[in-house]
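Participant:
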Amino acid sequence: MTQELTSPSPAPQAAGTGRGPGWWRDAVIYQVYVRSFADSDGDGIGDLRGARERLPYLKDLGVDAVWLTPFYASPQADGGYDVADYRAVDPLFGTLQDADDLIRTAHDLGLRVIVDIVPNHTSDRHPWFQDPELARQRYLFRPGKGESGELPPNDWESVFGGPAWTRTDRGDWYLHLFAPEQPDLNWDNPEVHTEFEAIMRFWLDLGVDGFRVDVAHGMIKAPGLPDIGHGAQAQLIGAQVLPFFDQDGVHAIHRAWRRLLDGYGDAHGKHVIGVAEAWAPTSERLALYVRPDELHQAFNFQFLNAPWQADALRSVIDASLAATASVGAPTTWVLSNHDVVRHTTRLGGSLARARAATLLMLALPGSAYLYQGEELGLPEVTDLPDEVRQDPAFFRGGRATGAAGPGTDTEAAPDGVAAGGQDGFRDGCRVPLPWSGELPPYGFGPGGSWLPQPADWGGLTVAAQTGNPASTLELYRAALELRRRLPGLGDGTMSWAPAPDGVLAFTRPGLLCTVNTQGHDVGLPAPGTPLLSSAPVTVDGATAQLPGDSCTWWAI
Ligand code: BGC
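To convert, take the position in the sequence shown, counting from 1, and add 35; that gives the working numbering.
1. Are the beta-carbon atoms belonging to V550 and A391 less than 9 angstroms from one another?
2. Could you pull the start and end residues of the beta strand (DSSP E) that Q407 belongs to?
3. Please determine, among D190, G206, A274, the residue with the shortest C-alpha to C-alpha distance to E182.
4. Buried or exposed: where does A584 fall if 16 or more other Cβ atoms within 10 Å of its Cβ makes it buried?
5. For D281, I'd like the list of residues in its chain whose CB is within less than 8 angstroms of its CB, leaving aside the five on either flank, ordered along the chain.
6. With a threshold of 16 other CB atoms inside 10 Å of the CB of G77, please say whether the residue is buried or exposed.
7. Pick out whichever of G266, P544, C548 has its Cα sitting closest to the Cα of N189.
8. Does the beta-carbon of G115 have 16 or more other beta-carbons within 10 angstroms, so that it is buried, or is it exposed?
9. Who are the near neighbours of G363 in its chain, counting only those whose CB is closer than 8 angstroms to its CB and skipping five residues on each side?
10. For the structure I just gave you, are there three or more beta carbon pairs, one from the segment 157-171 and one from the segment 124-131, closer than 8 angstroms?
11. If you draw a straight line from the C-alpha of T104 to the C-alpha of L93, how long is it?
12. Taking only heavy atoms of the ligand BGC into account, decide whether any of them is closer than 8 angstroms to the Cβ of G114.
13. Leaving aside the five residues before and after S471 along the sequence, list all residues of the same chain whose C-beta is less than 8 angstroms from its C-beta, in chain order.
14. For L370 and L521, I'd like the C-alpha separation in whole angstroms.
15. Alpha carbon to alpha carbon, how far is G576 from P565?
16. How would you label N503, buried or exposed, when you count the other beta carbons within 10 angstroms and need 16 or more for buried?
17. Taking the straight line between their C-alpha atoms, what separation do you get for D143 and G97?
18. Report buried or exposed for W102, applying the criterion of at least 16 other Cβ atoms within 10 angstroms of its Cβ.
19. With respect to 8 angstroms, is the separation between the Cβ of Q407 and the closest non-hydrogen atom of the ligand BGC below this value?
20. What does DSSP give as the partner residue(s) for V148 in the beta ladder?
21. What first and last residue would you give for the beta strand (DSSP E) that runs through D353?
22. Does the segment 407-419 come close enough to the segment 378-398 that 3 or more CB-CB pairs lie under 8 angstroms?
23. Using DSSP with H/G/I as helix, E/B as strand and the rest coil, what is T573?
24. Verify whether the separation of the beta carbon atoms of R543 and L524 is less than 9 angstroms.
25. Would you say the beta carbon of H289 is closer than 8 angstroms to some non-hydrogen atom of the ligand BGC?
26. Pull up the CB-CB distance for L348 and L539, whole angstroms please, since I reckon it's below 8 angstroms.
27. Could you tell me whether the Cβ atoms of F338 and M396 are closer together than 9 angstroms?
28. What I want to know is whether the C-beta of V101 ends up closer than 8 angstroms to one or more non-hydrogen atoms of the ligand BGC.
29. With hydrogens ignored, establish whether the beta-carbon of Q332 is closer than 8 angstroms to any heavy atom of the ligand BGC.
30. By the three-class DSSP mapping on this structure, what secondary structure does I234 have?
31. Measure the alpha-carbon distance for T443 versus A345 and round it to whole angstroms.
32. G57 to R519, Cα distance in whole Å?
33. Tell me whether A448 sits in a helix, a strand or coil according to DSSP, three-state version.
34. Could you tell me whether the Cβ of D74 comes closer than 9 angstroms to any Cβ of chain C?
35. Taking only the alpha-carbon atoms, compute the straight-line gap between E88 and P535 and give it to the nearest angstrom.
36. Exposed or buried, what is P342 when buried is set at 16 or more other beta-carbons lying within 10 Å of its beta-carbon?
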């Protein structure tokens, strides 16, 4: 299945994408969910050519890097997170040449490129799983319990619902923490290590600048695969160490990958990074993934899950900064991704809060991840008909967002907006982007779109928002431009300043940031001159009125 490049390319080295002093420490990284970003061929599914054509938009938006979700050969049982060939591009998304072209174009624009790697499981169509002998060595097969082995080997539940085990027609069972089409690999087998290192080198040779490591907390299971003895296991993910997640053994794998990434970077005069998608019960345990000899970054889902309350936000920010400082890593911030409800909807269905939360995030020290469409203020689509849904969890009766941890339930949504998407599933945050025009597919491509877009998105398109200073798109552009202009804003220091109840205030090099989490105006002594605000702020003499649910950056 592996495709050959017509003209193999050396790692691109454009201006602005070379080594740089730890570029990831304050980078703003834009997540491209490939199937929903831009479609070049009219099949209604976004692809690599479509994404490449839109790279100038991302350059203009002001991000530093893009993260592409899996575009590898896959039966698409879980949106491409079920990989059948890690070195081939799925024909749905293009060819290896298209991937090469995209990486080159990004580098020419000064954008770095991160790709997903999926090491916890493969597709059940992967050649290893298809070969019974190889499968037994490289996946987790166990005999069943019960008189004739008719019961699963233990009580583990799949994140997507139902037992985490499926019985083969040979009578034994295999483990799949996600869908049955995603068998878990046996990381006790050295051949699995060797193969993933080779896959990383393959993409590094094509020029990528790093990897987002899917389920980075999952590869190692507790010895003996012990029962948990608790129902609702998806609720526990990220709340406690489970025998299948966040086991200490995963760190040896990350240390080996760090050696590989550093070695490759040293040999090629660049920094290539690893980003952990890891669910750990505490900020301290998450920080273990970014110790100096492990991965460079880990997604900070504690921040994503924080309710819109000043005290809660402040404690998450403090805990995140303290934990990463203890290991010398930069903190990351994220509000939306392809597994959770878009933050406009999650934060009480309030675009005002979403805009404020974004300005808060971009004022914090460290690196920030943006999810495509959040710059347009897109809401979650909550009325998708059942017949168009594709999230495997929908068909298994689980909570697809179990992968997104305990904060994906209503506790993180104070206004009662379920944070798990429409009925707890993930298609509603994956609806294709609206680029232009008044009617679907809004310039997404020459055909339709694989999920229906709402009829009222005409005012939310990139074209409609461009040039309108009140638009969310222009707010993002202005914030990212200021972030670049103010030295030290990315990776510098931060100190809290006094503020009234329900308001956060903190200083960063060159600015003070206020966040009013209350739904009404709050007056306070004007801290300086407004630089940028998520809602119109008024300054009358020495007093400033912060609008409800707003964030303002002040020049001080
Ligand atoms: C990805 C999900 C995916 C799951 C299984 C998660 O971390 O973000 O989209 O379903 O891993 O690969």
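Virtual Cβ for every residue (Gly too), placed ideally from N, Cα, C. Nothing here was measured: the structure is a model prediction, and the numbers come from that model.
Facilitator: With the given structure in hand:
1. Start at 1 with the first residue of the sequence shown, and residue 550 comes out as number 515. Start at 1 with the first residue of the sequence shown, and residue 391 comes out as number 356. Cβ atoms of V550 and A391: closer than 9 angstroms.
2. On the sequence shown, position 372 is the one that residue 407 refers to. Element bounds for Q407: n/a, residue is neither H nor E.
3. Indexing the sequence shown from 1 puts residue 182 at position 147. Cα-wise, what sits closest to E182 is G206.
4. Here the question's residue 584 lines up with position 549 in the sequence shown. With the sequence shown as reference, residue 584 is identified as Asp, and Ala is not the correct amino acid for it. Burial call: buried.
5. Taking the sequence shown and counting its residues from 1, one reaches residue 281 at position 246. Here the set comprises H252, A313, W314, A315, P316, R320.
6. The count along the sequence shown starts at 1 and reaches residue 77 at position 42. Label assigned to G77: exposed.
7. Walking along the sequence shown from the start, residue 189 turns up at place 154. Comparing C-alpha distances from N189 to each of G266, P544, C548 shows the shortest one belongs to G266.
8. Here residue 115 is taken as the residue at index 80 of the sequence shown, counted from 1. By the C-beta density criterion, G115 is buried, having at least 16 other C-beta atoms within 10 angstroms.
9. If you number the sequence shown from 1, residue 363 lands on position 328. Excluding sequence neighbours, G363 sits near P327.
10. no
11. Translated into the one-based positions of the sequence shown, residue 104 becomes position 69. Translated into the one-based positions of the sequence shown, residue 93 becomes position 58. The alpha-carbon atoms of T104 and L93 are separated by roughly 16 angstroms.
12. As a first step, residue 114 is located in the sequence shown; it is residue number 79 there, counting from the start. At least one heavy atom of the ligand BGC is nearer than 8 angstroms to the Cβ of G114, so yes.
13. Locating residue 471 in the sequence shown gives position 436, where the first residue counts as 1. The answer, listed in chain order, is Y477, G478, T496, V497, A498, A499.
14. Stepping through the sequence shown from its first residue, residue 370 is reached at position 335. Stepping through the sequence shown from its first residue, residue 521 is reached at position 486. Cα to Cα, the separation comes out at about 23 angstroms.
15. Walking along the sequence shown from the start, residue 576 turns up at place 541. Walking along the sequence shown from the start, residue 565 turns up at place 530. Cα-Cα distance, rounded: 13 angstroms.
16. The residue labelled residue 503 in the question sits at position 468 within the sequence shown. With fewer than 16 other Cβ atoms within 10 Å, it is exposed.
17. Here residue 143 refers to the residue found at position 108 when the sequence shown is read from its first residue. Here residue 97 refers to the residue found at position 62 when the sequence shown is read from its first residue. Those two C-alpha atoms are separated by around 15 angstroms.
18. Residue mapping note: residue 102 aligns to position 67 of the sequence shown, counting from 1. W102 should be labelled buried.
19. Along the sequence shown, read from residue 1 onward, the residue named residue 407 stands at position 372. Checking the Cβ of Q407 against the ligand BGC gives no.
20. Taking the first residue of the sequence shown as position 1, residue 148 is located at position 113. According to DSSP, which records beta bridges pairwise, V148 is partnered with V101.
21. What you label residue 353 is simply residue 318 of the sequence shown in a count that begins at 1. First-last for D353: 345-360, but that is the alpha helix (DSSP H), not the beta strand (DSSP E).
22. yes
23. Residue mapping note: residue 573 aligns to position 538 of the sequence shown, counting from 1. Note: T573 maps to strand in three-state DSSP.
24. Residue numbering aside, residue 543 sits at position 508 when the sequence shown is read from its first letter. Residue numbering aside, residue 524 sits at position 489 when the sequence shown is read from its first letter. Closer than 9 angstroms, so yes.
25. Sequence index remark: in the sequence shown, residue 289 carries index 254 (1-based). Checking the Cβ of H289 against the ligand BGC gives no.
26. On the sequence shown, position 313 is the one that residue 348 refers to. On the sequence shown, position 504 is the one that residue 539 refers to. Yes, L348 and L539 are in contact; Cβ-Cβ is about 6 angstroms, under 8 angstroms.
27. Here residue 338 refers to the residue found at position 303 of the sequence shown. Here residue 396 refers to the residue found at position 361 of the sequence shown. Yes, the pair counts as a contact, with Cβ atoms nearer than the cut-off.
28. Counting from one through the sequence shown, the residue named residue 101 turns up at place 66. No - the ligand BGC has no heavy atom lying nearer than 8 angstroms to the Cβ of V101.
29. On the sequence shown, residue 332 is found 297 positions in, with the first residue counted as 1. Not under cutoff, so the answer is no.
30. Here the question's residue 234 lines up with position 199 in the sequence shown. In the displayed model, I234 falls within a helix according to three-state DSSP.
31. For the purposes of this step, residue 443 is taken as residue 408 along the sequence shown, with counting starting at 1. For the purposes of this step, residue 345 is taken as residue 310 along the sequence shown, with counting starting at 1. Confidence at T443 is low in this model, with a pLDDT of 35, below 50, so its placement is unreliable and no value can be given for it.
32. The residue labelled residue 57 in the question sits at position 22 within the sequence shown. The residue labelled residue 519 in the question sits at position 484 within the sequence shown. Computed Cα separation, rounded: 15 angstroms.
33. Taking the first residue of the sequence shown as position 1, residue 448 is located at position 413. Legend: pLDDT at A448 = 32, less than 50; position of this residue unreliable, value from coordinates given subsequently. The answer is coil: DSSP assigns A448 none of H, G, I, E or B.
34. In the structure shown, chain C cannot be found, because there is only a single protein chain.
35. Within the sequence shown, the letter at position 53 stands for residue 88. Within the sequence shown, the letter at position 500 stands for residue 535. E88 and P535: Cα-Cα distance of roughly 47 angstroms.
36. As a position in the sequence shown, residue 342 is number 307, starting the count at 1. P342 comes out buried.
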